[in-house]
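Here is the structure we will look at, set down as structure tokens.
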Amino acid sequence: MDRKLDILAFGAHPDDVELGCGGTIIKSVKKGYKVGVVDLTMGELGTRGNSKIRENESQKASEILGLSCRENLSLKDGFIVNDNETKIKVISLIRKYKPNIVFANAPLDRHPDHGVASKLILDSCFLSAYITSNESILLSISISQT
Numbered sequence: 607m608d609r610k611l612d613i614l615a616f617g618a619h620p621d622d623v624e625l626g627c628g629g630t631i632i633k634s635v636k637k638g639y640k641v642g643v644v645d646l647t648m649g650e651l652g653t654r655g656n657s658k659i660r661e662n663e664s665q666k667a668s669e670i671l672g673l674s675c676r677e678n679l680s681l682k683d684g685f686i687v688n689d690n691e692t693k694i695k696v697i698s699l700i701r702k703y704k705p706n707i708v709f710a711n712a713p714l715d716r717h718p719d720h721g722v723a724s725k726l727i728l729d730s731c732f733l734s735a736y737i738t739s740n741e742s743i744l745l746s747i748s749i750s751q752t
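In this text, residue positions in the sequence shown follow this note's numbering: the first is 607, and each later residue adds one.
Structure representation (structure tokens):
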């Protein structure tokens with residue numbers, strides 16, 4: 607199986623990617639691009655529902671978006687850290703999927719997990735050695751605050 611993705615989108619929580627760049631993903635899939643999503647947490651601290659509900663919603667959203675794959679790193683919601691252990695997990699996924707484009711949470715956001723996730727993904731892209739050339743792009747997605 608070819609694991610190469612055109613776009614790999616990281617979100618701190620399930621629904622971050624859908625809210626931040628769901629439309630872009632749908633358009634990209636319709637153009638034939640292979641797109642995957644990695645949720646860093648299960649969103650267990652969320653005030654709307656629980657982690658099981660979020661997991662079911664993520665599965666349904668993946669079908670609607672037409673994703674090639676979706677993974678969850680099950681980091682602790684509300685306490686994402688940009689340490690070596692976490693970077694290694696993210697680097698392994700970047701190397702596994704070899705994306706041309708990476709989406710990540712915006713660096714400045716009122717939710718602390720979003721800012722940490724942004725820096726984590728940026729650092730991991732650099733360290734992976736796949737997202738360092740002019741042919742690769744790292745984009746930040748802004749999550750609606752409404």
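From the three backbone atoms N, C-alpha and C, an ideal C-beta is built for every residue, glycine too. Bear in mind that the values here come from a model prediction, so they are computed numbers and not experimental data.
Nearest-angstrom Cα separation, counted from residue j out to residue i
i      : j      : result
Gly628 : Pro705 : 17 angstroms
Ser656 : Thr630 : Going by the sequence as given, residue 656 is Asn instead of Ser. Distance between the alpha carbons of Asn656 and Thr630: 27 angstroms.
Lys682 : Ile659 : 17 angstroms
Ile727 : Gln665 : 23 angstroms
Leu821 : Ile700 : With the chain running from 607 to 752 in the structure shown, residue 821 is simply not present.
Val722 : Ile686 : 7 angstroms
Lys633 : Leu673 : 12 angstroms
Pro713 : His720 : 7 angstroms
Val635 : Asp621 : 18 angstroms
Glu663 : Leu651 : 16 angstroms
Lys725 : Glu661 : 25 angstroms
Ser750 : Gly626 : Note on Ser750: pLDDT 49, under 50, position unreliable in the model; no value is reported.
Phe709 : Tyr703 : 13 angstroms
Met648 : Thr692 : 15 angstroms
Leu611 : Asp729 : 20 angstroms
Pro718 : Gly684 : 7 angstroms
Status (buried if at least 16 other CB within 10 Å, exposed otherwise) for residue i
i      : result
Phe616 : buried
Ala735 : exposed
Ile694 : exposed
Asp689 : exposed
Val653 : According to the sequence as given, residue 653 is Thr; it is not Val. It is exposed - the Cβ of Thr653 has fewer than 16 other Cβ atoms within 10 Å.
N-terminal and C-terminal residue of the alpha helix (DSSP H) that residue i is part of
i      : result
Asn656 : No alpha helix (DSSP H) holds Asn656; DSSP gives it neither H nor E.
Glu624 : 622-636
Option nearest residue i by Cα separation, candidates the options
i      : options                        : result
Val623 : Tyr703, Leu671, Asp689         : Leu671
Lys640 : Met648, Arg609, Ala712, Ala710 : Arg609
Asn711 : Leu611, Thr653, His619         : His619
Ile697 : Glu650, Leu733, Arg654         : Leu733
Cys731 : Leu611, Gly649, Ile707         : Ile707
Beta carbon proximity, residue i to chain B, threshold 9 angstroms
i      : result
Ala735 : Absence of chain B from the displayed structure is noted, only one protein chain being present.
Unbroken beta strand (DSSP E) run spanning residue i, endpoints
i      : result
Phe616 : 613-617
Asp645 : 641-647
Exercise for the section: Say whether the segment 630-650 touches the segment 664-680, bearing in mind that this needs 3 or more beta-carbon pairs closer than 8 angstroms, one atom from each stretch. Expected result: yes
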